[in-house]
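See structure below.
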Amino acid sequence: MRAYHNVLLAIGLMSQAAFAADAVDPDYLAFQQARGEAPWINAGAEHPLADSAYRPIPPLASFPTDPAKRDLGFALFHDATLSKDGTVGCNTCHMGMMGATDGLSLAKGIGGATGLRNTPTVFNSAFNFRQFWDGRAFDLDAQALGPITDPVEMGHDLDAVVAQLKADPGYASQFAAAYPDGVTAANVGNAIAQHSKDMTRTDSPFNAHLNDASNTLSEQAQRGLARFNALGCVSCHNGINVGGNSYQRTSALVGAGLARDELSPTASRARPAPTGAMAAADEGLFRRTGRDEDRQVFKVPTLHNISMTAPYFHDGSVATLEEAVAQMGQTQAGRTLSEEDVNDIVAFLGTLSSEFFSGGMMRGMSGEQLQHEMRQQMPDAMNHQNGGQMQGHDHQQHMMHMQHMQQMQNQNQSGNTDHNHTGSH
Ligand code: HEC
Ligand code: HEC
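Next up, the structure:
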């Protein structure tokens, strides 16, 4: 326990250092005041592995979520009418079969607009110490309304969204049942956040292994884990989320002015053409603080489900996990990894994936194809296309469909955690 607290303390000190001169950031105070009070970060502190660098993801059943709010959030998360033109829901970009991402290098919102950053997973985001690549949202509640109003994501207006939900009898009664003040923007955010927390996946071989050592990983994955530890990857990627608990410079070399392309000239690049300049302009935490030492500083991403969330890094510049690992070895561990090390580490990282989603039937599809399918399947998007005007959807039908899907996932999740995993994928 004490060792873990030391890790937390060290992280706290690092965060403090990163923020020390940061008096202008209004989030900073809230962050300071709330630190130590975040139940998500401390969940599982009594676990026998609490002293270890890795901690199992606590079971969903131990989370204090309100079912009425969570189910409402589930419907909202999957509802494209929350976007200005009725074509984009949260799940358009955060698709389960793609590890709750979109398979694109940079996110694509309404009207095909391309965003600045790669879509991170929502799975297990409840355990991130802050949200977004630059940590600008303190928690999931604060995060949830951002995409709705972001011009290149869902491009909508919160007042209009609230009016629209109030006019929908199904939503209006659901909100009234869950919140005393009914439909408000804050309640929309809160409900969505409850669903995002519910998108915690515990059904990975590594999690099963942490919970019960008799669930052994494959030999190759064990070698990979040993290398991951020995190379110091664990110094940044640790804790419940194997990341998600500190800000770090993406690379001392990149910080010194050397571009990614120069570091790895043979790298395959997945990102579309004009975004090179945009990516270069994205300096992470620096965008918020304006301080030189925060250039190229990003929140360390979680590595759960990483084998499903290609392409990689904040700019989606790297197409394969092998290359992402090799590049991390070069920029963060300061060495060129052997092919064997890369493959072993990739095998280990594969054991961090949800078994339900990594075995999905849509697995072979490209991100573009999946997004197309998703947009086609959105009942609201279809209403909109057929009717011209934004219309209410059949709320009850939508809810039943969504709840059925969720039950399937949850059943699978609880069923899987008891199995003996080999970790081979
Ligand atoms: C157009 C694609 C798109 C849509 C639609 C979208 N997101 Fe995202 N999401 C992203 C991108 C890109 C980021 C990273 C943005 C950044 O860091 O600046 C992100 C970040 C997040 C994060 C933070 C994860 C982390 O590790 O920091 C969460 C949680 C999230 N989105 C949930 C949602 C919810 C809830 C909705 C619907 C209200 C939504 N997203 C809609 C693309 C999208
Ligand atoms: C000094 C801290 C640090 C160390 C050490 C470190 N990482 Fe990272 N890692 C990061 C940061 C920060 C990012 C996000 C970089 C970006 O988006 O530009 C990241 C991103 C990643 C990603 C891509 C995640 C995604 O969602 O796109 C992978 C995979 C990864 N690291 C694996 C490793 C491996 C393997 C090692 C050891 C060889 C390692 N990391 C060592 C900080 C670190």
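The opening residue of the sequence shown carries number 74 in our numbering; numbering runs sequentially from there. For glycine and all other residues, C-beta sits at the position ideal for the given N, C-alpha and C.
**Request:** Can you grab the Cα-Cα spacing for the pair Phe-248 / Gly-159, in whole Å?
**Result:** As a working note, residue 248 is residue 175 in the sequence shown. As a working note, residue 159 is residue 86 in the sequence shown. Cα to Cα, Phe-248 sits roughly 21 Å from Gly-159.
**Message:** Using 8 Å for Cβ pairs, my map puts Gln-216 next to Phe-205. What's the rounded Cβ distance?
**Reply:** Indexing the sequence shown from 1 puts residue 216 at position 143. Indexing the sequence shown from 1 puts residue 205 at position 132. Going by Cβ atoms, the distance from Gln-216 to Phe-205 rounds to 7 Å, so yes, they are a contact pair.
**Asked** Grouping DSSP H, G and I as helix and E and B as strand, with all else coil, what is Asn-284?
**Response** For the purposes of this step, residue 284 is taken as residue 211 along the sequence shown, with counting starting at 1. Three-state result, Asn-284: helix.
**Prompt:** Run through DSSP, which three-state label would Val-391 get?
**Reply:** In the sequence shown, the residue the question calls residue 391 occupies position 318. If DSSP states are grouped into helix, strand and coil, Val-391 belongs with the strands.
**Item:** Thr-165 classed as buried or exposed, judged by whether at least 16 other C-beta atoms fall within 10 angstroms
**Value:** Indexing the sequence shown from 1 puts residue 165 at position 92. So Thr-165 counts as buried.
**Item:** For Tyr-244, the first and last residue of its enclosing alpha helix (DSSP H)
**Value:** Mapped onto the sequence shown, residue 244 falls at position 171. Taken as a continuous stretch (DSSP letters only), the alpha helix (DSSP H) holding Tyr-244 covers 242-251.
**Prompt:** By Cβ distance, which residues of its chain are closer than 7 Å to Leu-376, with the 5 residues on each side in sequence left out?
**Reply:** Along the sequence shown, read from residue 1 onward, the residue named residue 376 stands at position 303. Contacts found: His-310, Val-315, Gly-316, Leu-422 and Leu-425.
**Request:** Rounded to whole angstroms, what's the CA-CA distance from Phe-147 to Ile-265? Just pull it up for me.
**Result:** Sequence index remark: in the sequence shown, residue 147 carries index 74 (1-based). Sequence index remark: in the sequence shown, residue 265 carries index 192 (1-based). The straight-line gap from Cα to Cα measures roughly 7 Å.
**Prompt:** Taking the alpha-carbon positions, what's the Thr-187 to Ile-221 distance?
**Reply:** The residue you call residue 187 lines up with position 114 of the sequence shown. The residue you call residue 221 lines up with position 148 of the sequence shown. Thr-187 and Ile-221: Cα-Cα distance of roughly 15 Å.
**Item:** Buried versus exposed call for Gly-184 [16 or more other C-beta atoms within 10 Å across all chains shown]
**Value:** What you label residue 184 is simply residue 111 of the sequence shown in a count that begins at 1. Exposed, since its Cβ has fewer than 16 Cβ neighbours within 10 Å.
**Request:** Determine the direct distance from the alpha carbon of Leu-155 to that of Gly-182, and round the result to whole angstroms.
**Result:** The residue given as residue 182 occupies position 109 in the sequence shown. The residue given as residue 155 occupies position 82 in the sequence shown. Between Gly-182 and Leu-155, the C-alpha separation is close to 12 Å.
**Ranges of the alpha helix (DSSP H) found wholly within the segment 153-188, counting only runs of at least 4** = 163-166
**Where His-78 falls: helix, strand or coil (DSSP)** = Within the sequence shown, residue 78 is the residue found at index 5, counting from 1. Only weak support is given to the placement of His-78: the predicted model assigns it a pLDDT of 42, under 50, and the value that follows is read from those uncertain coordinates. It is helical.
**Message:** Mapping the DSSP letters down to three states, classify Asp-453 as helix, strand or coil.
**Reply:** Here residue 453 refers to the residue found at position 380 when the sequence shown is read from its first residue. Model confidence at Asp-453 stands at a pLDDT of 35, short of 50, so the residue's coordinates are unreliable; what they give is reported in the following sentence. Looking at Asp-453 - three-state DSSP - the assignment turns out to be helix.
**Prompt:** Using a Cβ-Cβ cut-off of 7 Å (strictly less than) and excluding sequence neighbours within five positions of Val-307, which residues of its own chain qualify?
**Reply:** Position 234 of the sequence shown, counted from the first residue, corresponds to residue 307. Contacts found: Ala-126 and Phe-301.
**Request:** Please check the pair Asn-197 and His-387, which I expect to be a contact at CB under 8 Å, by giving their CB distance rounded to whole angstroms.
**Result:** In the sequence shown, the residue the question calls residue 197 occupies position 124. In the sequence shown, the residue the question calls residue 387 occupies position 314. Between His-387 and Asn-197 the Cβ distance is about 18 Å, and since that is not below 8 Å, they are no contact.
**Prompt:** Exposed or buried, what is Gly-407 when buried is set at 16 or more other beta-carbons lying within 10 Å of its beta-carbon?
**Reply:** Position 334 of the sequence shown, counted from the start, is the residue given in the question as residue 407. Answer is exposed; the Cβ neighbour count stays below 16.
**Request:** Go ahead and pull the three-state DSSP assignment for Gln-321.
**Result:** The count along the sequence shown starts at 1 and reaches residue 321 at position 248. Gln-321: strand per DSSP, three-state reduction.
**Message:** For a quick check, are the C-beta atoms of Ser-14 and Glu-428 less than 8 Å apart?
**Reply:** Here the chain covers residues 74 to 498 and nothing more, so residue 14 does not appear.
**Asked** Should Met-168 be counted as a contact of ligand 2 given a C-beta to heavy atom distance under 7 Å?
**Response** Along the sequence shown, one-based indexing puts residue 168 at 95. No - ligand 2 has no heavy atom lying nearer than 7 Å to the Cβ of Met-168.
**Item:** One or two residues paired with Phe-371 in a DSSP bridge
**Value:** In the sequence shown, counting from the first residue as 1, residue 371 sits at position 298. Answer is Gln-321.
**Asked** Where Ile-130 and Asn-288 are concerned, what is the direct C-alpha to C-alpha distance, given to the nearest angstrom?
**Response** One-based indexing of the sequence shown puts residue 130 at position 57. One-based indexing of the sequence shown puts residue 288 at position 215. For the pair Ile-130 and Asn-288, the Cα-to-Cα distance works out to about 15 Å.
**Asked** Is it the case that the Cβ atoms of Asp-367 and Gly-357 are separated by a distance below 8 Å?
**Response** As a working mapping, residue 367 is identified with position 294 in the sequence shown. As a working mapping, residue 357 is identified with position 284 in the sequence shown. Contact flag set, yes.
**Request:** State buried or exposed for Gly-162, treating a residue as buried only when at least 16 other CB atoms are found within 10 Å of its CB.
**Result:** Here the question's residue 162 lines up with position 89 in the sequence shown. Under this definition Gly-162 is a buried residue.
**Residue from Pro-132, Gly-208, Pro-137 and Gly-176 whose Cα sits closest to the Cα of Tyr-320** = As a working mapping, residue 320 is identified with position 247 in the sequence shown. The option with the nearest alpha carbon to Tyr-320 is Gly-208.
**Message:** Starting from Asp-271, trace the alpha helix (DSSP H) in both directions and tell me its first and last residue.
**Reply:** Taking the sequence shown and counting its residues from 1, the one referred to as residue 271 is at position 198. 258-271 is the extent of the alpha helix (DSSP H) around Asp-271.
**Asked** If we call anything under 8 Å between Cβ atoms a contact, is Glu-395 one with Val-370?
**Response** Here the question's residue 395 lines up with position 322 in the sequence shown. Here the question's residue 370 lines up with position 297 in the sequence shown. Result no, Cβ atoms of Glu-395 and Val-370 do not sit closer than 8 Å.
**Item:** Three-state class that DSSP yields for Gly-363 in the structure shown
**Value:** Within the sequence shown, the letter at position 290 stands for residue 363. Gly-363 falls in the coil class under three-state DSSP.
**Per-residue DSSP class, three states only, for Gln-405** = In the sequence shown, counting from the first residue as 1, residue 405 sits at position 332. Secondary structure of Gln-405 (DSSP, three-state): coil.
**Prompt:** Between the beta-carbon of Ser-431 and the beta-carbon of Ser-380, is there less than 8 Å?
**Reply:** Translated into positions along the sequence shown, residue 431 becomes position 358. Translated into positions along the sequence shown, residue 380 becomes position 307. Against a cut-off of 8 Å, the Cβ pair of Ser-380 and Ser-431 comes out as a contact.
**Prompt:** With 16 other CB atoms within 10 Å as the buried threshold, where does Leu-145 fall?
**Reply:** By 1-based counting over the sequence shown, the position of residue 145 is 72. Buried, because 16 or more other Cβ atoms sit within 10 Å of the Cβ of Leu-145.
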